[in-house]
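J.: Be aware that the sequence shown starts at 5, since it is given in the numbering used here, and climbs by one per residue.
My questions will all concern the structure given below.
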Amino acid sequence: MSSTTQESTETVLAEKRGPVLILTLNRPDRLNAWNDALERRYFALLDDAENDPEVRAIVVTGAGRGFCAGADMDDLAAASSATDLSAPERQRPREFPLSVRKPLIAAINGAVAGLGLVEALYCDLRFSTPEAKFTTSFVRRGLIAEYGIAWLLPRVIGRSRALDLLLSGRVILGAEAHAMGLVDRLCPQETLLQSAIDYATDLANFCSPTSMSIVKSQVHRAMDSDFATAVAVADDLMLAAFAHPDATEGVTSYLDRRPPAFAPLGPVSTD
Numbered sequence: 005m006s007s008t009t010q011e012s013t014e015t016v017l018a019e020k021r022g023p024v025l026i027l028t029l030n031r032p033d034r035l036n037a038w039n040d041a042l043e044r045r046y047f048a049l050l051d052d053a054e055n056d057p058e059v060r061a062i063v064v065t066g067a068g069r070g071f072c073a074g075a076d077m078d079d080l081a082a083a084s085s086a087t088d089l090s091a092p093e094r095q096r097p098r099e100f101p102l103s104v105r106k107p108l109i110a111a112i113n114g115a116v117a118g119l120g121l122v123e124a125l126y127c128d129l130r131f132s133t134p135e136a137k138f139t140t141s142f143v144r145r146g147l148i149a150e151y152g153i154a155w156l157l158p159r160v161i162g163r164s165r166a167l168d169l170l171l172s173g174r175v176i177l178g179a180e181a182h183a184m185g186l187v188d189r190l191c192p193q194e195t196l197l198q199s200a201i202d203y204a205t206d207l208a209n210f211c212s213p214t215s216m217s218i219v220k221s222q223v224h225r226a227m228d229s230d231f232a233t234a235v236a237v238a239d240d241l242m243l244a245a246f247a248h249p250d251a252t253e254g255v256t257s258y259l260d261r262r263p264p265a266f267a268p269l270g271p272v273s274t275d
């Protein structure tokens with residue numbers, strides 16, 4: 005896709021604005037409820053972005069009044085009446101977005117519930133309007149905390165707050181979500197998407213793609229390690245960073261008082 009081209013499909017829209025890719029979940033008549041077609045398209049676009057050197061950051065948002073209202077209710081109804089209770093086979097695990105090396109920013113423009121909230125938590129940062137509605141919703145549908153949210157949510161907002169949202173399934177607004185740390189930035193509806201794009205553009209223009217990719221990996225690994233292990237890993241990674249051309253470029257561009265010209269990430273390894 006060129007920097008000004010928008011590609012339209014039924015389930016997801018993709019648009020490049022310079023180094024930022026905007027992915028818009030596009031089932032507005034269903035508040036962008038998640039289904040298999042949307043998942044396949046979204047994951048395919050993330051794959052494309054990973055291997056596109058022009059894309060340095062990704063913003064995810066929803067068309068219309070919602071971000072994502074969770075799993076499509078027709079799919080839930082079918083699942084609840086199915087006689088085969090084995091988990092369906094998927095080409096990729098549901099948590100695939102966590103493995104994306106490039107920064108992934110959710111611009112939460114409206115309702116986000118259940119699986120939609122899980123997908124927002126798979127992003128690295130969350131921007132929201134004060135009025136956006138958040139709910140885990142699982143227990144109100146007779147379900148459980150799905151797709152790793154029982155692991156992710158306590159690490160974002162703490163154990164008791166996570167249990168509050170998971171046990172009650174209550175609806176909170178963006179302002180409360182921001183106060184508890186579930187949302188990182190609050191923005192008016194009219195500036196939400198542009199604020200997320202501006203943030204992503206700043207990352208793209210001034211931060212090393214290699215460094216950002218490694219830092220994301222460090223944070224994920226450190227969440228399950230002790231402090232001493234995290235320090236030891238960082239020591240080894242820093243030695244490698246000093247030998248990488250980006251370290252030279254980072255220092256040189258700073259001394260020259262010019263924007264850095266960091267190299268893009270290479271294609272995802274298939275080894």
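Just so you know, even glycine gets a beta-carbon here, dropped at the ideal spot from N, CA and C.
Since the structure is predicted, the reported quantities are computational estimates derived from the model, not experimental observations.
Assuming Ile161 is part of the alpha helix (DSSP H), what are its boundary residues?
T.: Sequence index remark: in the sequence shown, residue 161 carries index 157 (1-based). From DSSP, the alpha helix (DSSP H) with Ile161 extends over Ile153 to Ile161.
J.: Just reading off the alpha helix (DSSP H) that Ala238 is part of, what are its end residues?
T.: If you number the sequence shown from 1, residue 238 lands on position 234. Element bounds for Ala238: Phe231 to Phe246.
J.: Can you give me the Cβ contacts of Ile153 inside the same chain, cut-off strictly under 6 Å, excluding the 5 residues immediately before and after it?
T.: Within the sequence shown, residue 153 is the residue found at index 149, counting from 1. Answer for Ile153: Val122, listed in chain order.
J.: Just to confirm, is the Cβ distance from Leu108 to Ile176 under 9 Å?
T.: As a first step, residue 108 must be located in the sequence shown, where it is residue number 104. As a first step, residue 176 must be located in the sequence shown, where it is residue number 172. Cβ atoms of Leu108 and Ile176: not closer than 9 Å.
J.: Taking its Cβ as the centre, do 16 or more other Cβ atoms sit within 10 Å of Ile201, making it buried, or is it exposed?
T.: Numbered from 1 along the sequence shown, position 197 holds the residue referred to as residue 201. It is buried - the Cβ of Ile201 has at least 16 other Cβ atoms within 10 Å.
J.: Where do the ends of the beta strand (DSSP E) carrying Phe131 lie?
T.: On the sequence shown, position 127 is the one that residue 131 refers to. From DSSP, the beta strand (DSSP E) with Phe131 extends over Leu129 to Ser132.
J.: Considering only heavy atoms of the ligand FAD, does any lie closer than 8 Å to the CB of Phe71?
T.: With respect to the ligand FAD, the structure shown offers nothing to examine, as it has no ligands at all.
J.: When the Cα of Asn30 is compared with those of Ala41, Lys20, Arg21 and Val24, which residue comes out closest?
T.: Locating residue 30 in the sequence shown gives position 26, where the first residue counts as 1. Comparing Cα-Cα distances from Asn30 to each of Ala41, Lys20, Arg21 and Val24, the minimum goes to Ala41.
J.: Since Arg21 sits in a beta bridge, which residues does DSSP pair it with?
T.: For the purposes of this step, residue 21 is identified with residue 17 of the sequence shown, where counting begins at 1. Its beta-bridge partners are Val24.
J.: In this structure, does DSSP put Val175 in helix, strand or coil?
T.: In the sequence shown, the residue the question calls residue 175 occupies position 171. Coil at Val175, not helix or strand.
J.: Terminal residues of the continuous beta strand (DSSP E) containing Lys106?
T.: For the purposes of this step, residue 106 is taken as residue 102 along the sequence shown, with counting starting at 1. Neither: Lys106 is in no beta strand (DSSP E) and is coded neither H nor E.
J.: Under the assumption that Phe142 contacts Glu135 (Cβ atoms under 8 Å), give the Cβ distance between them as a whole number of angstroms.
T.: Taking the first residue of the sequence shown as position 1, residue 142 is located at position 138. Taking the first residue of the sequence shown as position 1, residue 135 is located at position 131. That pair is no contact at about 23 Å.
J.: Can you look up Gly185 in the DSSP assignment and give me helix, strand or coil?
T.: Along the sequence shown, one-based indexing puts residue 185 at 181. It is coil, neither helix nor strand.
J.: Per DSSP, Ala61 is paired with what?
T.: Counting from 1 along the sequence shown, the entry for residue 61 is found at position 57. Answer is Val24, bridged to Ala61.
J.: Looking only at its own chain, which residues have a Cβ that is under 6 Å from the Cβ of Ala207, when we skip the five neighbours before and after it?
T.: Translated into the one-based positions of the sequence shown, residue 207 becomes position 203. For clarity, residue 207 is Leu in the given sequence; the question names Ala instead. So the list reads Ala61 and Pro107, once near-sequence residues are dropped.
J.: Just to confirm my understanding: we take Leu157, look at its own chain, exclude 5 residues before and 5 after, and list those with CB closer than 6 Å. What are they?
T.: What you label residue 157 is simply residue 153 of the sequence shown in a count that begins at 1. The residues are Ala166.
J.: Bridge partners for Gly70 per DSSP, in chain order?
T.: Against the sequence shown, residue 70 aligns to sequence position 66. Answer is Ala115, bridged to Gly70.
J.: Alpha carbon to alpha carbon, what distance is there between Ala75 and Thr15?
T.: On the sequence shown, residue 15 is found 11 positions in, with the first residue counted as 1. On the sequence shown, residue 75 is found 71 positions in, with the first residue counted as 1. Straight-line Cα distance between these residues: approximately 14 Å.
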